Each structure stands twice: as structure tokens, then as C-alpha cells.
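Numbering (the UniProt record's numbering), first residue to last: 1 to 268.
Note that the Cβ used here is the ideal one computed from N, Cα and C, for glycine as well.
Note that the coordinates shown come from a computational prediction; the quantities given were computed from them, not determined experimentally.
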Amino acid sequence: MRGVGGGLHHRGLLKNTSDVQPDTIHADTQGQSLPVFGLAALLGFDLLPRIRNWHDLIFYRPALNTHYQHIDSLFGDEVVDWDLIEAHWTDLLRTAISIRENRMSSVTLLRRLGNRSRKNRLYRAFRELGRAIRTIALLRYLSEPQLREQITQVTNRNEAFHGFADWLMFGGKLIGHNDPDYQEKVIKFNELLANCVRYSTALDITDAANDIAAEGHPVDLDDLATVSPYITHTVRRFGNWTLTPFGSSTAGRESRPCAPTSVVSTPR
């Protein structure tokens, strides 16, 4: 469901107790919706997703009589309903505080808001707030080249990591178990494995660069920064298997495939 992914990002960020406290959420097109924009703003996060199909999005005016000299053609005739936001502002704050205090899950909330029921007053309030927040985000995206570059870089890196993690996932993307705890363990282990492998690959790249520098060849750090750690051809996903050919004098029932536990990249 579109928007639930944003709830997962919120939950992970709110549980973060490290010294690094992010204040920005990047996501792909499916990771955003109007209620998610509103919820992220109330939780203190800046939602800056990569958005496709701009022609389908509406820039909402702050008031019906508001017009702009150069960008007025971007805006439609729809106006943010500030009265609706003000009427339910207390409910919006209570909801955000409940999520902050871990009394309510943002995933559960977004699932409830995902039905887009016009009778759901809380959904309408979050949607209206999201219209204002998303319009601001779209205007920033248009006017700030560095922001566009940042969003593209971050989302591309995330997609590269997830593609690498999927490649390492034994059996493909399907988790053959319905137990949520088991599924969470599989996902966390897969991410841990991907982080370990890319760290090992980064060490190998560093060693190779140091060897080149030791031989007297110049190493450009800018060029080195473009080398991806998501190299697959040096990784043995299934370990080393030593098989004894049929007809060999050592062949027998006691012969077993030997697979080491390490799946890190091979040394150069």
C-alpha cells in the first residue's frame, strides 16, 4: 500500500537512539502520499522523495486570490483548506505525540488512513496538511538544483544497496514463512550480510588502490569515490564447494561437499 513504506521509515527513525539523528527522509515514488507528507512534518522530518509523473500532481494555492508573476501556471485552482487543518489541529498533534511516545504505530495509522474515506476526518486533515507540505517540497525541488542532485544521489544509492541485498538473498525475494518475527529476522540478517560484504569489498578496493599508489601510479580520490562497493563477480554467494569426480579412488559415501561459512569477496 502506498504510504505504509513511509510509516516504516518513521518508525525506524523514531526508535533511533544513536548520536546521528536524521531529519530528512528520502524515498521513491511509492514511498510518499499526501497523508505521509503531513505526518512527516508533524514528526519533525523533511520528506523529500523522488517523484515521477509530475504532470499528475497539483500545486495547491494558499488562497484563492493568490497569484504569482512567474510560476502561476504551475498552480491549479485548488486551494489548501486551512480551516479544516485548524479545526483538527489538536487531533493531528495528539496523533503525532502518540506516535512519538510509541503509543501508536505510524504503520497502523497509515493503514487506517489508506482507505481514503471521505468520512474519515483525520484522514482529510492529514491529507490537507500534506497538500501544503508537498507543494512546498515541489517548489523547493524546482528551485534548488543541489536538492535535486541530493535526492537523485540518495535514492540511487538506496536502490543499489537493495539490489545488492536482493542478489545476496538466498532463494530470491520470497520469504517462505508467515511468521512476522521470522520475516523480520530474515530481512535484518540479509541487510547485515549485505553490509558485511560491501565493507569487505571496500577494504579490497582500498588495498588495490594502495598497491597502485605504492607502485608510483597516481590515484585520484575523486575517481576512487565513483567505484561502487556492490561488486558481485568477486563474491562467492554459496561458498567453496569441493567435489570429488566420479571414478576417483577417494570417491565414496563419506565424501561431502565442503562449504565455508564466509561469503566475502576473494582477495586480489
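What residue range is occupied by the uninterrupted beta strand (DSSP E) comprising residue i?
i           : result
residue 76  : 75-79
residue 270 : Because the chain spans 1 through 268 in this model, residue 270 falls outside it and cannot be assessed.
Out of curiosity, what's the CA-to-CA distance linking residue i and residue j?
i           : j           : result
residue 212 : residue 224 : 12 Å
residue 204 : residue 157 : 20 Å
residue 199 : residue 235 : 12 Å
residue 93  : residue 82  : 15 Å
residue 266 : residue 239 : Low local confidence applies: a pLDDT of 45 at residue 266 is under 50, so the model's placement there is unreliable, and no value is given.
residue 215 : residue 207 : 12 Å
residue 169 : residue 80  : 45 Å
residue 176 : residue 182 : 10 Å
residue 62  : residue 180 : 43 Å
residue 150 : residue 122 : 33 Å
residue 132 : residue 43  : 16 Å
residue 26  : residue 41  : 13 Å
residue 58  : residue 68  : 16 Å
residue 55  : residue 209 : 46 Å
residue 52  : residue 152 : 12 Å
residue 102 : residue 145 : 37 Å
residue 78  : residue 95  : 26 Å
residue 47  : residue 227 : 29 Å
residue 147 : residue 50  : 11 Å
residue 197 : residue 154 : 20 Å
residue 100 : residue 167 : 35 Å
residue 231 : residue 201 : 7 Å
In the DSSP output, which residue or residues are listed as bridge partners for residue i?
i          : result
residue 25 : 47
Starting from residue i, follow the alpha helix (DSSP H) in both directions and report where the run begins and ends.
i          : result
residue 82 : 82-87
residue 38 : 34-42
**Study point:** In chain order, each alpha helix (DSSP H) run of at least 4 residues that lies wholly inside the region 186-238
**Key:** Within the region 186-238, the complete alpha helix (DSSP H) runs of at least 4 residues fall at 221-224.
Practice item. Enumerate, from N- to C-terminal direction, the unbroken alpha helix (DSSP H) stretches of 4 or more residues contained entirely within the region 93-161. Key: Counting only runs of 4 or more, we get 106-113 and 121-143.
Practice item. Indicate whether the contact test is met: 3 or more Cβ pairs, each with one atom in the region 157-177 and one in the region 136-143, closer than 8 Å. Key: Contact between the region 157-177 and the region 136-143 is not established, with fewer than three Cβ pairs separated by less than 8 Å.
Review point. Any chance the region 34-44 sits against the region 119-130, with 3 or more Cβ pairs inside 8 Å?
Key: Touching, yes, given that three or more Cβ pairs across the two stretches are closer than 8 Å.
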